[in-house]
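According to numbering that gives the first Met the number 0, the sequence shown is numbered sequentially starting from 0. Where is the CB? At the ideal position from N, CA and C, for every residue including glycine. So the structure is just underneath, and the comments pick up after that.
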Amino acid sequence: MPYVTVTTNASASLITETFAATLGKTVGDFLDRPEQYVTVRMVPDQLMFTGGKPIPFVHVAIESLSALNPDKNAEITPVVTKIIEENLKIPAERILFKFVLLNPTDVGINGKTFPPGFGQ
């Protein structure tokens, strides 16, 4: 169940359903997960500073119960960067990634958490 959060100081007017859907499908494809299991959360219009200045910036967090590793992270980063550059018009040097491999027992849905070892 990959979870993608895109936090940016870009305007909400730049966030389209197509952009979010493309991002979800891309992450799902890279992590071998069906698109219906990928959650994409767009958080625009945030007060964000880099180098002490409020310049256009994006923080991308990709969290998953499995499939994340150094090689996979390196593969997905340039592809997601390009999607964000094209949609938000923010250059690659202002797009920061964070990858988080989640412990299954720390994730829940439908009233229960996932069992230990889920997704391994």
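Less than 9 Å between the C-beta atoms of VAL57 and LEU87, yes or no? Along the sequence shown, one-based indexing puts residue 57 at 58. Along the sequence shown, one-based indexing puts residue 87 at 88. For VAL57 and LEU87, yes; Cβs fall inside 9 Å.
DSSP state of LYS111 mapped onto helix, strand, coil: The count along the sequence shown starts at 1 and reaches residue 111 at position 112. Three-state DSSP puts LYS111 in a strand.
Where the alpha helix (DSSP H) through PHE117 begins and ends: Translated into positions along the sequence shown, residue 117 becomes position 118. Per DSSP, PHE117 belongs to no alpha helix (DSSP H) and is neither H nor E.
From the DSSP output, in three-state form, read off VAL39 for me. As a working note, residue 39 is residue 40 in the sequence shown. DSSP places VAL39 in strand when its eight states are reduced to three.
Identify the continuous alpha helix (DSSP H) that holds THR25 and give its terminal residues. Within the sequence shown, residue 25 is the residue found at index 26, counting from 1. Per DSSP, THR25 belongs to the alpha helix (DSSP H) from 16–29.
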